Structure formats: C-alpha cells, structure tokens
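A short worksheet on the structure shown next.
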Amino acid sequence: MPRFAANLTMMYNEHAFLDRFAAAAQDGFKAVEFLFPYDFRADEIKARLDASSLTQALFNAPPGDWAGGERGIASLPGREDEFRRGIDTALDYARVIGNRKLHVMAGLIGADQPRAKHREVYLSNLAHAARAAQAEGITVVIEPINTRDMPGFFLTRQDEAQAVCAEVGAPNLKVQFDCYHCQIVEGDLALKLKRDMAGIGHIQIAGVPERHEPDTGELNYPYLLELIDSLGYDGYIGCEYRPRAGTSAGLGWLKPYLNANR
C-alpha cells in the first residue's frame, strides 16, 4: 500500500510550523516533508520528529532569495559557489534530521538568457551535489515544475529531467515526479510513470487544477496510486496540496489507506 508524507509547508497552516508535526501524526501520518528547514535549528526539527514518531521524507536545498522571487539556483551561471555552500548546509541539516532525499530546484530563466549555458551549469552543479550527497547515503532529486505556477522555471518536462539524470550519470540522482505539475504540462501520467519509474526518486500528489486534496479535480488518484504501488515504488508519496478548508477535515480521502496499513 502507498505510504504518505504530509507536506508541512502547505498543510496544517492552522498551526505554527513546529506544531504541525504533532498535528500530522495525530491524523495518522507516519512521515512529513516540507520545503525548507533553515528558519529553525536542525535539532529543533529532529526533536519534533522524534516526539511524534515521524520520518522526514524530504526537504529542499537552499533556493537562493526565495522571498525575492528566486526559485532555486542550480542552473544559474555565476552562482556556483553559493550553490555549493547551500548543498553543504542542506547536508548538515540532513545529518541531524535523518532524511535520505534532498530536492534541488533548478531556478528561473528569462526568455533572453542562454539556455545552453544554464544547462551546462545545471549539469555541473547536480554532479557536485550528487557526489556530496552520495557520501551521506542521500539521493538528490530534481523536479519538473509547470510554468503556469512558476513562470520561467528551467525544468518542466519528465523526459527532460530523465535526460539530465542520465547525462550526469550519478546513481543517486533521480527525478521527483509531481503528478500535479506533470498533468498541467504533459498529462498522460500513467504511461510516464510506467516509462520512468526506475528513475523516479520521489512522488508528490495534489488535485488538478486547484491544487487541493487529491479527491478533487481531473486526476483519478485511486487508479494512479494503485499503479504506483504495482510498479514497485516503495518511497513516501508527498501530499503537496493546499487544503480547501481545515487540513484534518479534508483527509477523508486518506482514511482508507491508513486503515489498510494498520
């Protein structure tokens, strides 16, 4: 049966961040993920995980100036030293928190910027990140993101992401398959999951198009989750969605899976 991780950046916003861990555990989650831990000490987060018997599934490497609109720096020429320092910081956190997957965001590119140069920098930075993470037993994941939500994002397609991983050639570099983003950009999720599962390191879900609970919208998640299970995926599935109302009140879709895992 699929195993789910609550995304504490989007879910449980009724609570202060450090209180979201207990709220997720109370609702039956065994794992969590979030975007960034860096506003808190790693030992503070670890204490909340341990107190609620939760596993940390994933978090993101530093993305540059997030508040200023940056969405990752891995493909940005001239930011290589900053990127490497960010990977060091992320791995320092991961050693304490205990997660074994780290998401590295590519960043934004303008229409007038040289894509080939960005790709060259991206490949080099990912190779460095994968080498550094491999020593810690950590998998680096890259995520194609739709440009409706994130205009100008460098990486948008599953086949492109798989090609990047193949070119870097690191065994611990894989693709983060977000069903929400893939449906908006490409569709045909089932065939892409079948085609690419060997190269998928993490999966996320949300309803399309509103990014609410996965029991709303145009995707048939019961079918997709059964397919993912049948393909042998044994990682956590991140629930990266914005609840329609209260987080706990919207978890009716999850209860059959929790009951089956008891």
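Take 43 as the starting number for the sequence shown in this note's numbering and just add one per residue.
Virtual Cβ for every residue (Gly too), placed ideally from N, Cα, C.
Computed from a predicted model, the values in this text were never measured in an experiment.
Residue i versus residue j - alpha carbon distance
{"i": "Y263", "j": "K216", "result": "23 angstroms"}
{"i": "E56", "j": "E209", "result": "43 angstroms"}
{"i": "G243", "j": "A287", "result": "30 angstroms"}
{"i": "A169", "j": "A291", "result": "43 angstroms"}
Segment limits, alpha helix (DSSP H) that includes residue i
{"i": "E122", "result": "E122 to I139"}
{"i": "I247", "result": "Here I247 belongs to no alpha helix (DSSP H); instead the beta strand (DSSP E) covers I242 to I247."}
{"i": "K159", "result": "R157 to Q176"}
{"i": "R237", "result": "L231 to D238"}
{"i": "L91", "result": "A84 to A93"}
{"i": "V206", "result": "Q200 to V210"}
{"i": "L96", "result": "Looking at the DSSP string, L96 is not in any alpha helix (DSSP H), and its letter there is neither H nor E."}
Three-way DSSP call (helix, strand, coil) for residue i in this model
{"i": "Q218", "result": "strand"}
{"i": "E112", "result": "coil"}
{"i": "Y54", "result": "coil"}
{"i": "F59", "result": "helix"}
{"i": "Y283", "result": "coil"}
{"i": "A103", "result": "coil"}
{"i": "L144", "result": "strand"}
{"i": "L273", "result": "coil"}
Same chain, Cβ closer than 7 angstroms to residue i, neighbours up to 5 away in sequence not counted
{"i": "F125", "result": "I115, A116 and N167"}
{"i": "G194", "result": "L150, I151 and G152"}
{"i": "A174", "result": "I129 and L133"}
Distance cut-off 6 angstroms: residue i Cβ against heavy atoms of the ligand ADP
{"i": "H145", "result": "Of ligands this structure carries none, so the ligand ADP is not represented either."}
Close beta carbons around residue i, own chain, < 6 angstroms, minus the five adjacent residues each side
{"i": "F78", "result": "N102"}
CB contact flag (residue i, residue j, <7 angstroms)
{"i": "E252", "j": "N49", "result": "no"}
{"i": "P119", "j": "K88", "result": "no"}
{"i": "A212", "j": "A148", "result": "no"}
{"i": "A73", "j": "A47", "result": "yes"}
{"i": "I180", "j": "A232", "result": "no"}
{"i": "L91", "j": "A67", "result": "no"}
{"i": "V9", "j": "Q218", "result": "The structure shown does not extend to residue 9, since the chain is modelled only from 43 through 304, so no value can be given for it."}
{"i": "M52", "j": "R284", "result": "yes"}
Residue span of the beta strand (DSSP E) that contains residue i, given as start and end
{"i": "L300", "result": "Per DSSP, L300 belongs to no beta strand (DSSP E); it is in the alpha helix (DSSP H), K297 to A302."}
{"i": "E75", "result": "A73 to E75"}
Residue-level contact to chain B via CB, residue i, 7 angstroms cutoff
{"i": "L231", "result": "No chain B is part of this structure, which consists of one protein chain only."}
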